[in-house]
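Novice: Take the sequence shown: its position 138, counted from the start at 1, is 163 in my numbering, and no numbers get skipped.
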Amino acid sequence: MEAETLDHNFWKLIDTSRGKSKLGVVLVTALKFPLLLAAIPRLILIVFIFCQPLLLETFLGYLKDPEERKNANIGKAIIGAYALVYIGMAITSAFYWYQNIRFITMLRGILMSAVYNKTTQLSISATNTTDSVTLMSGDVENLVRGLREVHELWAAIVQIAIATWLLARQLGVACIGPLIVCFASAIIMGATSGRAKKNQLIWMEELQKRTGITSSIMGSLKGIKMLGLSKKLTDLVQKLRIDEVTASKKFRILAVYCSTLAYFPMMLSPVVTFAIYLGVALRNNTTLDAQRMFTSLSLLMLITQPLFGVFQDIFEFMSSLGCLERIEAFLNKETKSDHRLLSPESTTRVADNQRSENDIELDQLTIQRVENLDGEETIVEVRDASFGWNKDDTPVINNINFSVDAGHLVMICGPVASGKSTLLKSLLGETLGLKGFVRVATNSIGYCDQVPWLMGISIKDNITGFSRFNPTLYDEVLHACDLGPDISVFPDGDNTLVGSKGITLSGGQKQRVALARALYAQKKLIILDDVFSGLDMHTQSKVFNRVFGRQGLLRKSQSTVILATHSVNLLRHADKIIVLSSDGTILEQGSFSELVEAEGGYVKEASKMLDENAMKQSTEHQDTESSPQPSQSEKRSADTLEDPKRQSGDWSLYTYFFSRVGTKVTIAFIILEMLWAFFSAFPTLWLKWWSDANERSPNQQAGLYIGVYVVLQTAGLCSTALLTWCCINIIARKSGIAFHRILLNTVMRAPMAFISKTEVGSLVNRFTQDLGLIDRQLPIAIMCCVSNLFIVVAQAILISSASAYIAISFPALVLAFYIIQRYYLRTSRQLRFLDLEAKAPVYTIFLESLEGLSTIRAFDWQSSFISKSYDLINTAQSPFYLLALLQKWLTLVLDLMTASLAVLVVGIAVATRETVSVGFTGVALTQIMGFTEYMKMFMLFWTQMETSLGAISRIRGFSEETPSEGTPEEENGVVPAGWPMAGKIEIQDVTAGYDERMVLREVGLSITSGEKFGICGRTGSGKSSLTLALLRMMELSTGSIFIDGVDISTIPRETVRAEINVISQDPFFFSGTIKHNLDPYTAATDEEMISVLQKCQLGDIISGDKSIEDEFTPETLSHGQKQLFCLARALLRKSRIVVLDEATSGVDKDTDEMMQKVIREEMKDKTVIAIAHRLQTIMDFDRVAVMENGRVVEVGEPKALLKRDSKFKQLVDAM
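#1: Please list, in chain order, all residues of the same chain as residue 1013 whose beta carbon is under 8 Å from its beta carbon, the five residues on each side excluded.
#2: Skipping 5 residues on each side, what residues in its chain have a beta carbon closer than 7 Å to that of residue 1051?
#3: Could you round the C-beta distance between residue 1193 and residue 1165 to whole angstroms and report it? I think they count as a contact, below 8 Å.
#4: From this set, 1113, 1159, 1049, which residue's C-alpha is nearest residue 2's C-alpha?
#5: Between which two residues does the beta strand (DSSP E) harbouring residue 685 extend?
#6: For residue 698, which residues from the same chain have a beta carbon less than 8 Å from its beta carbon, with the 5 sequence-adjacent residues on both sides left out?
#7: List the DSSP bridge partners of residue 589.
#8: Measuring straight from C-alpha to C-alpha, what distance separates residue 853 and residue 975?
#9: Buried or exposed for residue 32, please, with buried defined as at least 16 other CB atoms from any protein chain shown within 10 angstroms of its CB.
#10: For residue 506, collect the residues of the same chain with a Cβ closer than 8 Å to its Cβ; drop the 5 residues on either side in sequence, then sort them by chain order.
#11: Nearest CA to the CA of residue 1: which residue from 265, 1146, 329, 771?
#12: Thinking C-alpha only, which one of 1038, 407, 164 is nearest residue 459?
#13: Consult DSSP for residue 608 and reduce its assignment to one of helix, strand or coil.
#14: Identify which residue in 405, 1104, 277 has its Cα closest to the Cα of residue 758.
#15: Go ahead and label residue 701 buried or exposed: buried means 16 or more other beta carbons lie within 10 angstroms of its beta carbon, across all protein chains shown.
#16: Excluding sequence positions up to five away, which residues of its chain have a Cβ less than 8 Å from the Cβ of residue 1023?
#17: When you compare each of 848, 91, 110, 136 to residue 1242 by their alpha carbons, which one comes out closest?
#18: Considering only residues of the region 432-483, which uninterrupted alpha helix (DSSP H) runs meet the minimum length of 4 residues and lie entirely inside it, listed in chain order?
#19: Going by alpha carbons, who is nearest to residue 714 out of 767, 705, 731, 766?
#20: Does the separation of the CB atoms of residue 623 and residue 436 fall below 7 Å?
#21: Alpha carbon to alpha carbon, what distance is there between residue 1128 and residue 167?
#22: Does DSSP put residue 767 in a helix, in a strand, or in coil?
#23: Could you name the residues of the same chain whose beta carbon sits closer than 7 Å to that of residue 655, not counting the 5 residues immediately before and after it, in chain order?
#24: Ignoring anything shorter than 4 residues, give me the alpha helix (DSSP H) runs that lie fully in the region 91-125, in order along the chain.
#25: Using the beta-carbon count (16 or more within 10 Å), is residue 1001 buried or exposed?
#26: Residue 56 and residue 131 - do their beta-carbons sit closer together than 7 Å?
#27: Whole angstroms is fine: what's the gap from residue 369's alpha carbon to residue 552's?
#28: Which parts of the region 1124-1175 are runs of the alpha helix (DSSP H), unbroken and 4 residues or longer, counting only runs that do not cross its ends?
#29: What is the C-beta distance between residue 266 and residue 753, in whole angstroms, given that I count them as a contact (C-beta under 8 Å)?
#30: If you drop the 5 nearest sequence neighbours on each side, which residues of the same chain put their C-beta closer than 6 Å to that of residue 756?
#31: Can you check whether the CB of residue 169 is closer than 7 Å to the CB of residue 293?
#32: At the level of alpha carbons, what is the spacing between residue 692 and residue 198?
#33: Taking a contact to mean a Cβ-Cβ separation below 7 Å, would you say residue 1176 touches residue 441 in this structure?
#34: For the beta strand (DSSP E) containing residue 1220, name the first residue and the last one.
#35: Here's the rule: buried if 16 or more other CB atoms are within 10 angstroms of the residue's CB, otherwise exposed. What is residue 1008?
#36: According to DSSP, residue 1023 sits in a beta bridge with which residue or residues?
Quick look at the structure:
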């Protein structure tokens, strides 16, 4: 049952079939033995089941015959037979479910592993967070639920056939009654259940849409809050939830329809059968006595009960087929095609086996040329190559040729959208090879993406990755990346968790941790995509020297480095420079000394803006700092608090749940439950009265009795239809929307201190797994639990009607049931909590892997991540498997207790055989047949209800325990009309931080209206933290911030954020149109949006037949273009205050100048605060402030500061 073994066997079968076999066939083949092993005990169970009516007929005949009653040995034999049959049913049922649960668990493990495995193989342009997360959270669970009762389908057919034959022996031609009803019901069910798959797909598509957007939002909460979009996106996601629930309406209506239809045979078959027999009996002068009536009724139960289950199983099965098709379509997606030739000797194999139909085949001449290349000196060779992301689109990289020698540092530069990142990903094999070839002479590759990819683990674990820990190397890497000072201020040192996407780190810190990971891996080829964009010049110089300088780590290890960069001051240190043009061709290439002589060239123009002396001073400077400090290796242990309510339950959860449903709906629900219980039990008593009347006066009032029986059964059918409608369509809908709103509001109002500590997988788990339980399991569990409880009570009364002695035993039975459920529920609750919680790490690894696919594949970590996923899936499988087994353990215990009750009833009847009522004994033993099932269903659904309430408990606990950013009582200040009108900012002695770690210390600044104010300092000095404080995303320990005289701590945070226009270094986008992403505030006209796109050189995305109403695809934009898009978004906002947080870090110098020009022109009358590492962008600002260690150490005009030995001058000199 290990995920690894199951996954390997599954893919082996896929490979053997070469993709020709359907997924269903492959799954059956992979699990044929577990599937067949469950069939054997199921057949034996059928034999024991049919012993019940035969024994009932024999026993009632024994009680009816005065002569046989005298023989006590016959009675004793019947008692023994009852004990054997009921105990045999209990044991064989337990063996059957044990094998079936193993099959279901293995199926679940295969599908979860297969989806993740496939995810790691897809092209980064084809990956979609929505797809795999929804498949894993929704489709796999739905498929498992649909196949859980797969053996019941064939077993029911066998059982119905045998029961019909036995019924014919009792009632003759009347046996066609249940066949007529069942056949008619089956035809209608078949005609309608086919729509289940279609309606399920409609629902799943809306679920996938909501899950995808929710996942992206959960991973970008910091950016959302900075942009003041919390309220907008809360409304958006809540609307998506409502749309999802609305889309499920047809499926839910069909579920109610099919559920009611499933009751048709159970409720109407006895009516039709007895009506037919009554017509025959009136002609033949026969009567329906107690023996014949209750033996026939028991056989009818054996026909209709499995058919009821089959109809419901067919609906689940048909709806799950849609999920199977979605999973199959995902697994059949074309995998990433690695167009590279990884070594001369493997050229032919690569060309034949690793190329997909999207790649141009190499001709024989090309192959021969590659085989003749000298692999000793050249580590990368690119010839006549064109690359792109889609074979139908224009190539991004066109017809390029270059080579990289081993041990060299090659830098790639060029304007925004020239294809630098695409070229690097082409060297990794991530793009489509449309023409020519790429040869890479090594598989030992390290990679840093332009947007740093970090896992939500500790700094240390992010750096070491899957490599063996080497303390000496580790400390060298920390020193080279200048991470020592940063780690020293973290409360847990290098064991500090970085949070989802490194949310607890600054942009520069994230880049340096990602760089440290590439250095620690000690790869032969290192590919770096603009890793210095988030670093200040001083830190950049320091890190560059320690990594690439003469004594740098990579120089000493003789690694080959390919670096894409916009930092033109670094170009002179490259062994080779490759300049890309805007059309994706190579504009020029060569050494710096060669290119700097080429008039009009990119490098020549770039060199003009450099101060040669300053550059020489910074880059030839030999680092004289002390040796790196040892890392902190002790991790602070966190105490986990065990909630006692997880074990004992919490009755207040029921009040909490039904309060969200509403009083009227709750009252209607209880009334319908009572009606359904009454109509389920009373008709049996009515039949007893009918049989007694026939004993006195055969067939005298047959019309009255059959007429009332018809009314009772029909009323029962209507009551169950209304009850199912109430639960599935009203309770599920209202509770699903209400609890989603509670979850969403809690997350969106949570402070940054909480968000930084919480895994995104844990948050996504709440919006998928917990809400999935509320949508599907909880309402049905509550309905079935309450109805089965009422029915069990009614049946207990009917069973005790056979003898008063039976009623005496009930207190002992109730006590036994109480003891069993007490220990059972305690364990099952814990397992359900574990089941819910164990899935969060699985979601996390899915989301993190999707974010970092190119990095994972570059480091060749696929197998390591897949192995990690196996471990997490095995952990998630354990509580699921144990909970299912525990439920069947309960079934076994209840079956044995029911066996005791049956033996007790038969024993008392035998002991009092001279006086006992045959009719009441028939009622009792007939009810015991159903009592077993109803008692089991009550206990199981009670357990399912209690354990499903774990989702409600988690939501309530999450909403109550998660701190909120602020309350209306705290933020009751008056906001003046039109605030802020001037944009004046006063920061007075502000100290702030996370928990006990202060990142701002006694900061005081005064920024006048319309002033252009720059903030600079080394990475981690507190620049971005000051922005967070201004946006009220960081709590102030002391001090105040005033905007236009208003203390912002007294007004709602959303108001503050809505009035401050932020352009962040980490662009945020969400699924939707260009229009919605460009103007999520709905504040601009279409003409204004088109105008700002053209101003920001993004007119191409709406050129030709494209428009702002088209779907926005940010993955087709470079990082620089994304920042331009964010600038365009900011230009549409009419805020008086603008904050630029490294807004130009990912663009080249020309684009930077264009952006600065646009900012100056469009925001000339606004207060602008710019956080900058590129100090030339703030040279013409009114004033600048320098920060160190969370303090403002210097403020003044840039020109004045440059004239003296200032901190600002030191930073400029480092350029």
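Where a beta carbon is used, it is the ideal one built from N, C-alpha and C, also for glycine.
Specialist: In short, the structure shows the following:
#1: 1029, 1064, 1065, 1066, 1067
#2: 1025, 1028, 1040
#3: 7 Å
#4: With the chain represented from 26 up to 1240, any question about residue 2 goes unanswered, as that position is not in the structure.
#5: No beta strand (DSSP E) holds residue 685; the alpha helix (DSSP H) holding it covers 677-686.
#6: 748, 808, 811, 812, 815
#7: 437, 554
#8: 10 Å
#9: buried
#10: 537, 538, 540, 541, 544, 568, 571, 572
#11: Since the first residue shown for the chain is 26 and the last is 1240, residue 1 is missing from the structure and cannot be characterised.
#12: 407
#13: coil
#14: 277
#15: buried
#16: 1016, 1017, 1062, 1215
#17: Given a span of 26 to 1240 for the chain in the structure shown, any question on residue 1242 remains unanswerable.
#18: 445-452
#19: 731
#20: no
#21: 43 Å
#22: helix
#23: Its pLDDT being 35, under 50, residue 655 is placed unreliably by the model, and nothing is read from it.
#24: 91-94
#25: exposed
#26: yes
#27: For residue 369, the pLDDT reaches just 48, beneath the cut-off of 50, and the residue's location in the model is therefore unreliable, leaving the point undetermined.
#28: 1144-1156
#29: Their Cβ separation, rounded to whole angstroms, is 17 Å, which puts residue 266 and residue 753 out of contact at 8 Å.
#30: 686, 804
#31: no
#32: 45 Å
#33: yes
#34: 1216-1221
#35: buried
#36: 1018
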